[in-house]
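Here the structure is laid out as structure tokens; the discussion comes afterwards.
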Amino acid sequence: MKKRFWIIVALALALVMVVLSAVPRFDYIRPSLRYRMPKIDQYPLFGRAIVAAGDPQPWPYAPGVAAARIPDSVEAAFAGLETTAYLVVKDGEIVLEQYWDDYADTLWSNSFSMAKSVVSLLVGCAIDDGYIQSVEQPVADFLPGQWAWQSEPLRIRDLLTMSAGFRWNESSASLFSPTTQIYYGGDLAAILYRTRFKERPGVHFEYQSGVTQLLAMVLTAAVGRPLSDYASEKLWRPLGAEEDALWSTDDKGVEKAFCCFNSNARDFARIGQLILQQGRWNGLPLVDSAYIRAATTPADYLLYNDRPCTFYGYQMWIAELRGHTMPYCRGILGQYIIVIPDENLVIVRLGRARSEARNTAQDYTLDLELWVNTALDMFGQSSNL
């Protein structure tokens, strides 16, 4: 009898979910139940916008790179976290490039939240181009709606620094979180326009993917064209990307800017090299150097757990490791673009998992130390002593 009861309950719940999925506001439920947590190769599930490459500029290779491999001492750790790609650029040359699990240099892999840093760079471009006056400009200048807390306007700076003051549940594991909704949902704008404030902007750091999506909406309105087109013109073509990138979209063709810029390790490394070179590529300025410095400087006027936020700038993370200050981009499954200016070094790591243990002071998972230590032990200045 009990078994029959629970079968009936399960069927009823399934019917409710099917009915809800037919309602636009709940269209995300069916795919989220089917696919659950995001994965690096889910781009076929969504619409797509191409970020076109132009004339490719292949990376130069350092002598001996074909035989270079990570040390045996870390191979198990790399495999345990399901690494698919690990690439190191030193002094502008690839010194290590290694792939696992049938991944290769031309295969798309989702960047997840590394895409947030791409959006930040594009904001810098839009300021250079005059589409945006400055990071102090109010969001309401670009989007309809009440983008203010009482009389305090929401600024682009507040979006860049994850201090919008929104009521938002970031959990990707929750069926009902807005992050799940914007990942699997078909109408990003509709979800964002339901967002409400819980406090004054510009006070607390709180990581929220919806903030980046709103920032992308501002950017798109400012430049008057799709985000993927602007990214191609301002970054992907000038950087000499070897392959087109793919930006997943919702059902209306709007880029999922908070998560879903798909590319490969070699081309992701160009983003890191651009940051390393303070916004210049082949001597030409692509993003103003002052903006890059601001983006990679902690917004320590913000509070995080009642202490200054010392690890986040403009949609970019900053870590202190082994005496180095390193800006980096990161994604939920352990995607990283890590820049170590003191060593003239860029690291790209792609994969399917990251560690659970955290450095709470700098708000990173401890696998970051594995990727950094491996590169520094092999190619850092002390490795040559």
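Residues in the sequence shown are numbered consecutively from 431, following the working numbering. Glycine residues also receive a C-beta, built at the ideal position from the N, C-alpha and C atoms. In this text, all values refer to a predicted model and were calculated from it rather than measured experimentally.
About 15 Å separates the beta carbon of residue 687 from that of residue 554, a gap too long to meet the 8 Å contact definition.
Unbroken beta strand (DSSP E) stretches of 3 residues or longer found wholly inside the region 666-734: 675-679 and 691-693, given in chain order.
Taking a C-beta distance under 8 Å as the contact criterion, residue 549 and residue 646 qualify as a contact pair. The Cβ atoms of residue 777 and residue 766 lie closer than 8 Å to each other.
Cβ contact annotation for residue 760 (same chain, cutoff 7 Å, sequence separation greater than five): 543, 544, 747 and 766, in chain order. In this structure, 633 is the residue among 669, 633 and 460 with its C-alpha nearest to the C-alpha of residue 739.
Contact between residue 690 and residue 540 holds: their C-beta atoms lie close to 6 Å from each other, under 8 Å. Each of 579, 561 and 580 was checked against the Cα of residue 572, and the nearest Cα belongs to 561. In the structure shown, the three-state DSSP call for residue 546 is helix. Note on geometry: alpha-carbon atoms of residue 609 and residue 488 lie some 36 Å from one another. In the structure shown, residue 664 falls within a helical segment according to DSSP collapsed to helix, strand and coil. Look at the region 599-674 and you find these whole runs of alpha helix (DSSP H), each 4 residues long or longer: 608-614, 618-622, 639-653 and 657-661.
Less than 8 Å separates the beta-carbon of residue 666 from that of residue 675. Here residue 480 is exposed: its Cβ has fewer than 16 other Cβ atoms, across all protein chains shown, within 10 Å. Taking C-beta atoms under 8 Å as the contact rule, residue 495 and residue 526 qualify, at a distance of about 7 Å. C-alpha of residue 648 to C-alpha of residue 594: approximately 14 Å in a straight line. Annotation: the continuous alpha helix (DSSP H) that includes residue 801 extends over 797-809. Under DSSP, no beta-bridge partner is assigned to residue 774. Residues 477, 479 and 656 of the same chain have their beta carbon placed closer than 8 Å to that of residue 683, with the five preceding and five following residues left out of the count.
With a threshold of 16 other beta carbon atoms within 10 Å, residue 702 meets it and is buried. Contact check for residue 673 against residue 693 passes: the beta carbons are separated by less than 8 Å. Just measuring C-alpha positions, the residue of 772, 529, 523 and 592 sitting nearest residue 546 is 592. Taking the CA atoms as reference points, residue 504 sits about 31 Å from residue 637. Around residue 763, the same chain offers 470, 542, 781, 782, 783 and 784 as residues with beta carbons nearer than 7 Å, after the five sequence neighbours per side are excluded. Relative to residue 801, the option among 711, 584, 587 and 779 whose CA is nearest is 779. By a beta-carbon distance limit of 8 Å, residue 732 does not contact residue 606. Their separation comes to about 28 Å.
Nearest in C-alpha terms to residue 791, of all of 771, 807 and 737, is 737.
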